[in-house]
Structure formats: structure tokens, C-alpha cells
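Asker: Provided herewith is a single structure, encoded as C-alpha cells, for subsequent inquiry.
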Amino acid sequence: MLTKNQLNYFIQLSQKKFRDEYKKFVVEGHKLILEALTHGIECEVLLSTQNYFKTNSTLFENRFISKQEIHIIKKNELEKIADTKTPQEIIGIFHFPELAKIEYSKHKLLAVLENISDPGNLGTILRNCDWFGIKSVFAGIDCANVYNPKVIRASAGAIFHVNIFQNVNLINQIKELKKNGFTVLCADLNGKNIYEFIVPSKSAIIFSNEAHGPSKEMLALSDYTITIPRKGKAESLNVASASAILLSFLSK
Numbered sequence: 012m013l014t015k016n017q018l019n020y021f022i023q024l025s026q027k028k029f030r031d032e033y034k035k036f037v038v039e040g041h042k043l044i045l046e047a048l049t050h051g052i053e054c055e056v057l058l059s060t061q062n063y064f065k066t067n068s069t070l071f072e073n074r075f076i077s078k079q080e081i082h083i084i085k086k087n088e089l090e091k092i093a094d095t096k097t098p099q100e101i102i103g104i105f106h107f108p109e110l111a112k113i114e115y116s117k118h119k120l121l122a123v124l125e126n127i128s129d130p131g132n133l134g135t136i137l138r139n140c141d142w143f144g145i146k147s148v149f150a151g152i153d154c155a156n157v158y159n160p161k162v163i164r165a166s167a168g169a170i171f172h173v174n175i176f177q178n179v180n181l182i183n184q185i186k187e188l189k190k191n192g193f194t195v196l197c198a199d200l201n202g203k204n205i206y207e208f209i210v211p212s213k214s215a216i217i218f219s220n221e222a223h224g225p226s227k228e229m230l231a232l233s234d235y236t237i238t239i240p241r242k243g244k245a246e247s248l249n250v251a252s253a254s255a256i257l258l259s260f261l262s263k
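If you use my numbering, the sequence shown corresponds to residues 12 to 263, in order.
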């Protein structure tokens, strides 16, 4: 049974300002919760209905969870905390993970994200980065919040595997990347055909909002602009789709 204060606290975590204040976020669903636990993300508490608790005992026997961290709550309480309309009857409250200090010498490909404001696109790009082995991503201040529930779902657990640096001053970060030997690439409609491009030994690729394209600052700082050649009449590719194609080529 939750107190009114406890319920309000959990509900508050749907808002970025409270996530940042408490340094905690909400994860919905058995699979994503298990993914977070398996990758060592610290769990404050699991919230479950009685019915879900009875029929999914294996999750609650997880070695990362103690019985003191499991609260049985009413379904209508869980629905107030959840972001989805018909949530699975299990929610986890997790602490922000500690980010490992980046060692540039251990990376061959990094991603820089500018103005990726759509949570679904951001989550999918992070999923693509994870798939192609990118271990660190730099997201500018104009990107969606990584711990937005929609980002978490779209990432399919990638946010638990990848170091994601948020609210980054991208100009300073790109200068730092160059200082550490990275060639900076920028995805742009007017760029060089990616399939005719010789991939540098160490690259950082900038992805921007598809509606606005990369900023003048990002273009000015880039060593090369690259594009996926168009065969049909579509105006552009969705940035998440484009990221998958470009990362596939660059990670060879």
C-alpha cells in the first residue's frame, strides 16, 4: 500500500525536472526492467500488482533485487505512474547510471546528436548505436531527454548499454574529439556519397534533426559531410533510418 506522498513522488518522475532533481527514472515492463537489472543499473524499488507478482515470480527472484525493494500496489495506482495507456503491471524505479569516463583511445566510432527532439527518433538512434558497437554518444542540450519513457522504450534497452552524455556543449565536444584524433563527419543531404567515401580510422558522426538539418556551427566544424544517395523522390530519410544505414557503413 502506497502512501499519498509515495504515489506523488513516483508520478513526479514522469517529468524531466523531477527526474533530474531525484536522479531517478521509471522503467516499464518485464523485459526492460530485467535488461536494466542485468546491466547493473541500481534499482530503488519495483512496483507490481498482486496478480503480476504471483504469475511472474522469476523476475522477483532476481539476484539484484531484495524483497525490501518490492512494493505491491493497486492497478489504478500503477496506471497513474506509467506512461503507457495499458501498461504491464510492473514498474521499476532506477537511479541514473554513473557514466564511465571516456577513453578516446579505445573508440573508433562515436556519435554526436544535435537537436534530435523526437523521443522515438532518439531512442531508435541509440538502439542503432548499440547494435553497431558504439559505446559513447554525445547529445546536445536541444535533444530529447534520455530518460523520457518514450526514449527508453524506443531504445529497446540500449540506454543501459551505451554511455550517453546529455546536455553537451557540442562545439566544445567536437573540438575535443578533433584534439583526440577523430575525423568529424556530418550527415547532410548535400554531402558526399557515403558509398564513395573512405572511412577514417577514427570517426565521429553528427546526426541532426531531419526537418532543419545540421546547424551552421556543426557544418563549419565538420571535416566532411556525407549523405546516402537518393534513388526515388522522397524529400529525405527519417534521421533514425539514416543513422542505421550510415552507422552500418562506417562501422565496417
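Beta carbons are placed, not taken as given, at the ideal position from N, Cα and C, and that holds for glycine. Given the structure is predicted, the values throughout are model-derived calculations rather than measurements.
In whole angstroms, give me the CA-to-CA distance for Ala215 and Thr14.
Answerer: In the sequence shown, counting from the first residue as 1, residue 215 sits at position 204. In the sequence shown, counting from the first residue as 1, residue 14 sits at position 3. Approximately 48 Å, taken between the alpha carbons.
Asker: Just the C-alpha distance for Leu261 and Pro225, rounded to the nearest angstrom, thanks.
Answerer: Along the sequence shown, one-based indexing puts residue 261 at 250. Along the sequence shown, one-based indexing puts residue 225 at 214. Cα to Cα, the separation comes out at about 19 Å.
Asker: So Thr60 packs on Lys86, CB below 8 Å; how close in whole Å?
Answerer: Walking along the sequence shown from the start, residue 60 turns up at place 49. Walking along the sequence shown from the start, residue 86 turns up at place 75. Right, the Cβ-Cβ distance comes to about 5 Å (below 8 Å), so this counts as a contact.
Asker: Nearest-angstrom Cα distance between Tyr235 and Thr49?
Answerer: If you number the sequence shown from 1, residue 235 lands on position 224. If you number the sequence shown from 1, residue 49 lands on position 38. Rounded to whole angstroms, Tyr235 to Thr49 spans 39 Å at the Cα level.
Asker: If we cut at 7 Å on Cβ distances, does Phe208 have a partner in chain D?
Answerer: Judged by its chain identifiers, the structure shown contains no chain D, having just a single protein chain.
Asker: Please report the distance separating the alpha-carbon of Met229 from that of Phe218.
Answerer: Here residue 229 is taken as the residue at index 218 of the sequence shown, counted from 1. Here residue 218 is taken as the residue at index 207 of the sequence shown, counted from 1. Taking the straight line joining both Cα atoms gives about 10 Å.
Asker: Would you please state the rounded distance, in angstroms, between the beta carbons of Glu221 and Val250? I believe it to be under 8 Å.
Answerer: As a working note, residue 221 is residue 210 in the sequence shown. As a working note, residue 250 is residue 239 in the sequence shown. Their Cβ separation, rounded to whole angstroms, is 4 Å, which keeps Glu221 and Val250 in contact under 8 Å.
Asker: Leaving out five residues before and five after His172 in sequence, what residues of the same chain have Cβ atoms less than 7 Å from its Cβ?
Answerer: For the purposes of this step, residue 172 is taken as residue 161 along the sequence shown, with counting starting at 1. Answer for His172: His50, Asp141, listed in chain order.
Asker: First and last residue of the alpha helix (DSSP H) that includes Ile205?
Answerer: Working through the sequence shown from its first residue, we reach residue 205 at position 194. Unbroken run through Ile205: none, as it is neither H nor E.
Asker: Could you check how far apart the C-beta atoms of Arg138 and Ala165 are, in whole angstroms? I think they sit under 8 Å.
Answerer: Residue mapping note: residue 138 aligns to position 127 of the sequence shown, counting from 1. Residue mapping note: residue 165 aligns to position 154 of the sequence shown, counting from 1. About 7 Å; that satisfies the 8 Å criterion.
Asker: Quick one: using the 10 Å Cβ neighbour count with 16 as the cut-off for buried, is Leu257 buried or exposed?
Answerer: As a working note, residue 257 is residue 246 in the sequence shown. Label assigned to Leu257: buried.
Asker: Could you check where the alpha helix (DSSP H) with Ala122 kicks off and where it finishes?
Answerer: For the purposes of this step, residue 122 is identified with residue 111 of the sequence shown, where counting begins at 1. From DSSP, Ala122 is part of no alpha helix (DSSP H) but of the beta strand (DSSP E) over 120-125.
Asker: Lys112 to Glu80, Cα distance in whole Å?
Answerer: In the sequence shown, residue 112 corresponds to position 101, counting from 1. In the sequence shown, residue 80 corresponds to position 69, counting from 1. Cα to Cα, the separation comes out at about 30 Å.
Asker: Can you give me the start and stop residues for the alpha helix (DSSP H) that Asn174 sits inside?
Answerer: In the sequence shown, counting from the first residue as 1, residue 174 sits at position 163. No alpha helix (DSSP H) contains Asn174, which is instead part of the beta strand (DSSP E) from 174-179.
Asker: Just checking, does the stretch 33-53 make contact with the stretch 93-113 on the three C-beta pairs under 8 Å criterion?
Answerer: With the cut-off at 8 Å, the stretch 33-53 and the stretch 93-113 touch.
Asker: On the CB-based measure, 16 or more other CB atoms within 10 Å of its CB, does Arg30 come out buried or exposed?
Answerer: Walking along the sequence shown from the start, residue 30 turns up at place 19. Under this definition Arg30 is a buried residue.
Asker: Name the one or two DSSP bridge partners that Gly103 has.
Answerer: The residue given as residue 103 occupies position 92 in the sequence shown. Val38, Leu57, per the DSSP bridge assignment.
Asker: On the CB-based measure, 16 or more other CB atoms within 10 Å of its CB, does Lys263 come out buried or exposed?
Answerer: To locate residue 263, count along the sequence shown from 1; it is residue 252. When all chains shown are included, Lys263 counts as exposed.
Asker: When the Cα atoms are used, what is the spatial distance from Ser128 to Ile44?
Answerer: Residue numbering aside, residue 128 sits at position 117 when the sequence shown is read from its first letter. Residue numbering aside, residue 44 sits at position 33 when the sequence shown is read from its first letter. Between Ser128 and Ile44, the C-alpha separation is close to 25 Å.
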